[in-house]
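Colleague: Residue numbers (the working numbering): 340 to 670.
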Amino acid sequence: MKAYARRLSVLVVGFVLAASLVITAGSINAQESQRNGSGLSISPTRSELRIEPGKTDKIEVSIRNVTRGDIVAKPFISDFESDDATGEPKLISDTSKRSSASIANFVSGLEDIPLKPGENKNLTYTVSVPSNAAPGGYYGAVTYRAVPANEATPGNGEVALTANVASLVLIEVPGDITEQIQITEFKVGRAVQNNAPKFSSFFTTNPNRAALTVKNNGNSFSKPFGTVSLTNMSGKQIYSYELNNSTPRGNVLPKTSRAFTDEIKNVNKPGRYTLTANVSHGTGGEVITQKVSFWYVPVWLLVVILILLLAVIGGVYFLYRKQFSGRKKRR
Numbered sequence: 340m341k342a343y344a345r346r347l348s349v350l351v352v353g354f355v356l357a358a359s360l361v362i363t364a365g366s367i368n369a370q371e372s373q374r375n376g377s378g379l380s381i382s383p384t385r386s387e388l389r390i391e392p393g394k395t396d397k398i399e400v401s402i403r404n405v406t407r408g409d410i411v412a413k414p415f416i417s418d419f420e421s422d423d424a425t426g427e428p429k430l431i432s433d434t435s436k437r438s439s440a441s442i443a444n445f446v447s448g449l450e451d452i453p454l455k456p457g458e459n460k461n462l463t464y465t466v467s468v469p470s471n472a473a474p475g476g477y478y479g480a481v482t483y484r485a486v487p488a489n490e491a492t493p494g495n496g497e498v499a500l501t502a503n504v505a506s507l508v509l510i511e512v513p514g515d516i517t518e519q520i521q522i523t524e525f526k527v528g529r530a531v532q533n534n535a536p537k538f539s540s541f542f543t544t545n546p547n548r549a550a551l552t553v554k555n556n557g558n559s560f561s562k563p564f565g566t567v568s569l570t571n572m573s574g575k576q577i578y579s580y581e582l583n584n585s586t587p588r589g590n591v592l593p594k595t596s597r598a599f600t601d602e603i604k605n606v607n608k609p610g611r612y613t614l615t616a617n618v619s620h621g622t623g624g625e626v627i628t629q630k631v632s633f634w635y636v637p638v639w640l641l642v643v644i645l646i647l648l649l650a651v652i653g654g655v656y657f658l659y660r661k662q663f664s665g666r667k668k669r670r
């Protein structure tokens, strides 16, 4: 028994020492990351310009070194694309391949920016649209890569730790602009905490999300807006919200789709509900109406219906057996 206790003590001590080493190593690594790391903040995160062919405008951004070490902010132009779901931009890391809507050839004056810890600098860049540029929407991102000052040597592609920040730039070149949208999907779902909604047309727990997907068939940016109303079986409106009600409104890039997901409320009583969306865009001359219906039947009601159904089936069977037995006796 004593030998077993000694072995157990050795194991416990060994476990404690190993845990201490892991915690110490993690603390050292975290401190090292803070010393060698680099990071930036940038504002604004989005700029929208309207520039005629052959004309010039400016982009103004402010960048700040948010680390405790000297860094160099290295700028470059990134293309981006929509994820066709949330509309969130996805930066394209390969700068050797440019899209036809890229602003890479429009922006000039990008230079490396040295920054002391906590230092903020306001920068202005020139945007020149070629005289032969086709009308429509062009987009990209002015991206900065934060590099530790002692590693920001030309041609050195490997750094210990870097961070990128980007300011999106949307440019509309006026002319023959086509404005056309369509609603490709309208659905209802239920989200639990931060999980993605589960969509359906039948719910046993009250739904709390509506997702409307808009496709931009035009050649420039679209900012759809409108009202979505929720009605019950009696046709009474019980809830409504404004679509794309942010400042500024979210854009749908040309030839892409974007889902606008919003909260819905007041689906509390069993029954059939209908969501009606009236969506417009541009100057608001065209209004697109879309509807979607769903059922809400809580579990307790399903149980009651099942019990009643079983009772009806049992009653019918009982009457049938009674009638069948009566016939046998008469024979």
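The C-beta atom is built at its ideal place from N, Cα and C for all residues, glycine as well.
So who's on the other strand from residue 634, going by DSSP bridges?
Modeller: Looking at the DSSP assignment, residue 634 forms a beta bridge with 541, 611.
Colleague: Please confirm whether residue 627 and residue 618 have their CB atoms less than 8 Å apart.
Modeller: In contact: residue 627 and residue 618 (Cβ atoms closer than 8 Å).
Colleague: On the criterion of 16 or more Cβ atoms from any shown chain inside 10 Å, does residue 445 qualify as buried, or is it exposed?
Modeller: Residue 445 should be labelled buried.
Colleague: Report the residue from 531, 561, 554 whose alpha carbon sits nearest the alpha carbon of residue 548.
Modeller: For residue 548, the nearest C-alpha among the options comes from 531.
Colleague: Can you tell which of 439, 402, 424 has its C-alpha closest to the C-alpha of residue 550?
Modeller: Cα-wise, what sits closest to residue 550 is 424.
Colleague: With 16 other CB atoms within 10 Å as the buried threshold, where does residue 597 fall?
Modeller: Result: buried.
Colleague: Among 561, 589, 602, whose alpha-carbon lies nearest the alpha-carbon of residue 533?
Modeller: Minimum Cα distance to residue 533 is reached at 602.
Colleague: Check for me: the beta strand (DSSP E) holding residue 396 runs from which residue to which?
Modeller: Counting along the chain, the beta strand (DSSP E) containing residue 396 begins and ends at 395–404.
Colleague: Could you give the DSSP three-state label for residue 556: helix, strand or coil?
Modeller: Residue 556 falls in the coil class under three-state DSSP.
Colleague: Our contact map puts residue 504 next to residue 478 with C-beta atoms below 8 Å; I'd like the distance itself, whole angstroms only.
Modeller: Actually they do not touch by this definition, with Cβ atoms about 17 Å apart.
Colleague: Between residue 624 and residue 436, what straight-line distance do the alpha-carbon atoms span, to the nearest angstrom?
Modeller: Distance between the alpha carbons of residue 624 and residue 436 is about 38 Å.
Colleague: I need the boundaries of the beta strand (DSSP E) containing residue 476, first residue and last residue.
Modeller: Note, residue 476: beta strand (DSSP E), 475–487.
Colleague: Measure the CB-CB distance between residue 511 and residue 560 and report whether it falls below 8 Å.
Modeller: Yes. Within cutoff.
Colleague: Is the separation between the beta-carbon of residue 426 and that of residue 591 shorter than 8 Å?
Modeller: A contact, by the Cβ cut-off of 8 Å.
Colleague: When the Cα atoms are used, what is the spatial distance from residue 420 to residue 472?
Modeller: Using only the alpha carbons, I get a separation of about 20 Å.
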